[in-house]
Each structure stands twice: as structure tokens, then as C-alpha cells.
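The structure appears right after this line, and notes come after that.
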Amino acid sequence: MTADPEAPCRQTEASSRDDTYSHFSDRRRRFLVFLLGYVTLASSLTATIYFPLIELLSVQYATSVQGINLTITLYVVLQAVSPALFAPLSDSFGRRPVLLGTFAVYGAAGLGLALNRTSYAALLVLRGLQSLGGSAVLALAYGVVADVVASCERGRMLGPLMAATNLGPCLGPLLGGVIAWETGRPDWCFWTLVVFGGTAFLLVGWTLPETNRAIVGNGSVAAQGVWRTWRGGRPNTELNIPLERTCEVVHCLRGLQSVQFESRRKPHEVQFHRILPLSVALLPVRH
Numbered sequence: 001m002t003a004d005p006e007a008p009c010r011q012t013e014a015s016s017r018d019d020t021y022s023h024f025s026d027r028r029r030r031f032l033v034f035l036l037g038y039v040t041l042a043s044s045l046t047a048t049i050y051f052p053l054i055e056l057l058s059v060q061y062a063t064s065v066q067g068i069n070l071t072i073t074l075y076v077v078l079q080a081v082s083p084a085l086f087a088p089l090s091d092s093f094g095r096r097p098v099l100l101g102t103f104a105v106y107g108a109a110g111l112g113l114a115l116n117r118t119s120y121a122a123l124l125v126l127r128g129l130q131s132l133g134g135s136a137v138l139a140l141a142y143g144v145v146a147d148v149v150a151s152c153e154r155g156r157m158l159g160p161l162m163a164a165t166n167l168g169p170c171l172g173p174l175l176g177g178v179i180a181w182e183t184g185r186p187d188w189c190f191w192t193l194v195v196f197g198g199t200a201f202l203l204v205g206w207t208l209p210e211t212n213r214a215i216v217g218n219g220s221v222a223a224q225g226v227w228r229t230w231r232g233g234r235p236n237t238e239l240n241i242p243l244e245r246t247c248e249v250v251h252c253l254r255g256l257q258s259v260q261f262e263s264r265r266k267p268h269e270v271q272f273h274r275i276l277p278l279s280v281a282l283l284p285v286r287h
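Numbering-wise, the sequence shown is residues 1 to 287 according to UniProt numbering.
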């Protein structure tokens, strides 16, 4: 008897639908696609919005074009280092704390770049920190996807996620070029990235649930402390009513339906002795 090579995949899909792999609802997963798609713009958008600014930066910081190109080289090098540094940390300390930490670094570096007007050394250091903070997001987002979706179904989340990531190189030069053309000042591009980083930080803090399976399991374990969303509650699932409570609600609704039916009769024909004992019997008994 030959083994079916697709059987494990089908079993994984069935277990995922039964919430044995992940307790996160489909609605929550769709929201994660939008949220992760937005935050993963950090790396590619930050890298490419910089290109139309090269000559303006060269004039502002009184350095050569080659000196500004060095900041681009540093950004690319740290872009490769950042995922290798922060992705293992997210396995140990959770996705939320690491994402919040990287966006805090990203936002602080962007604020420093927006305020720095003369120091080339500060430009070099802050641009490197900006790369460290923004370049780990894609690896962390993939970790979130692996936490909440079985391997046979991850394409549904990774497809839109990668499409949003590839949108960054399209928007970056266009946005940077428009800002540079209209203002003639590179700091407005940095302020734009500060706004982006701030909104991403707040969205992660308020809405992203902890998904690390070592901390919350398949999502059924309540997150505590730094792993809990700022708005509190348990956002992993939809409203979950136990089966016995559902049955009680159904029985009560049937009792009300009987009352409505009896009330349609003439007043002298309403048989309350048939309704009240039934309704009382259907109410849950508390001890």
C-alpha cells in the first residue's frame, strides 16, 4: 500500500481549520496581512526615498557625492545584518517586543536625521541606525505568518505581504522626488519617515497580538505583560461562547417565540399555564 504524499498537507490544513494549529480567526489573519504589509514598507521605502536626495544632501552637509554614496553603502550592509540580529531575538523574547524595539530605533534615528542639518558624521551614524531598525521587519513579519498559519496555507498571507513589500521601491523614489522638487530640502523626506515610523509603532503597540508559539501557543494562551496589546483584552479570536451557554440562549429564544405565538391569541385564550413552566424550566440553574 503506497502512502499518499499529500496526506500530511491535507491533515495540516484540516487541523488548521479546526484551530488545532492556530487559534487566530480568519478575520484576525486578514487584519494581520494589512498590518504587516504596512510595516514591511519600512525597509524598501526608507532605502529608495533617499535616492533623489543625493545632490541636496551633498550640498547641505558640504561633502562629495561619493560621501553620500557611502551612507547608502552602509545602509545596504546593515540591511543584511539586521534580520540576522533581530529575528533570533524574536524567537526568544516574542514578536511584539522586538518589533516595538526596532521601530523605536527606527523612529529615533529618523527624528535625528530630520533635526540634523550640518554634521556628516551624524548623518552616517543615524542612517545606519535607521537601517538597523527598519530592515528586520520583513523577517519578523514572516515569523508572525509562520506562527498563525500552517505551511500549506501561508501563500494566502505571504502573497499580499510580499506585494506590499515590493511597493516600497515604487513609491520611494517617486515620493522622495516630489518632496525634493517641491521643498528643495531633504529633511522633509526624513520627517515623512518619522510619521511613517510613528504610525507603525502605534499600530503594532495597539493592535498586533503576540504570536510567538513559545509564549502564547497556538494563540489560545492569554498574553501577559509586554506581550499584551496596549488596548488589553484578548484580540486573538472572535467572541467565543461555550456550547452550553449557546444552548441556553437558544432555549430562551424558543421560550420567547412561544410567548409571542400565545400573545397573538385573544386575551381570554392565552394559556399562561403552558408558557410559564416551560420558560422557567429552560432558564439555567445557578448553584
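Cβ atoms here follow ideal geometry from the backbone N, Cα and C, with glycine treated the same way.
Item	Value
Measure the alpha-carbon distance for Gly110 versus Gly217 and round it to whole angstroms.	35 Å
May I have the straight-line CA-CA distance separating Ile215 from Thr192, to the nearest angstrom?	35 Å
Can you list, in chain order, the residues of its chain with a C-beta nearer than 6 Å to that of Trp188? Leave out the 5 residues immediately preceding and following it.	Ile179
Going by Cα to Cα distance, which pick from Arg30, Thr20, Ser22 is closest to Arg156?	Arg30
Can you grab the Cα-Cα spacing for the pair Tyr50 / Phe34, in whole Å?	25 Å
Considering only residues of the stretch 204 to 231, which uninterrupted beta strand (DSSP E) runs meet the minimum length of 3 residues and lie entirely inside it, listed in chain order?	none
With a threshold of 6 Å on Cβ separation, who are the neighbours of Arg127 within its own chain once the five nearest residues in sequence on each side are excluded?	Thr71, Tyr75
Return the CA-CA distance between Leu89 and Asn116, expressed in angstroms with no decimal places.	31 Å
Tell me whether Ser25 sits in a helix, a strand or coil according to DSSP, three-state version.	coil
Rounded to whole angstroms, how far is the Cβ of Ile68 from the Cβ of Leu57, which I believe are closer than 8 Å?	5 Å
Three-state secondary structure (DSSP) at Glu238?	Model confidence at Glu238 stands at a pLDDT of 42, short of 50, so the residue's coordinates are unreliable; what they give is reported in the following sentence. The answer is coil: DSSP assigns Glu238 none of H, G, I, E or B.
What ranges does the alpha helix (DSSP H) occupy inside the stretch 52 to 126, keeping only unbroken runs of at least 4 residues that lie completely in it?	54 to 60, 65 to 93, 95 to 115
Taking the alpha carbon of Asn166 as the point to measure from, which residue in Val39, Ser92, Phe190 has its own alpha carbon closest?	Val39
Expressed to the nearest angstrom, what Euclidean distance is found between the alpha-carbon atoms of Ala146 and Gly225?	23 Å
To the nearest angstrom, report how far apart Gly219 and Leu208 are at their CA atoms.	12 Å
For Pro173 and Val105, what's the separation of their Cα atoms in angstroms?	23 Å
With the cut-off set at 8 Å, would you say Ala87 and Gly143 are in Cβ contact?	yes
Using three-state DSSP, classify Ser135 as helix, strand or coil.	coil
Excluding the 5 residues preceding and the 5 following Ala42 in the sequence, name in chain order all residues of the same chain whose CB lies nearer than 6 Å to its CB.	Gly134, Val137
With H, G and I counted as helix, E and B as strand and the rest as coil, what does DSSP make of Thr46?	helix
Confirm, please, whether the CB-CB distance from Gly197 to Leu100 is below 8 Å.	no
Can you tell me whether DSSP reads Gln155 as helix, strand or coil?	Position check: residue 155 holds Gly in this sequence, whereas Gln was assumed. In this structure, Gly155 counts as helix in the three-state DSSP scheme.
Who are the Cβ neighbours of Thr46 in its own chain at under 7 Å, not counting the five residues just before and after it?	Gln130, Gly134, Leu193
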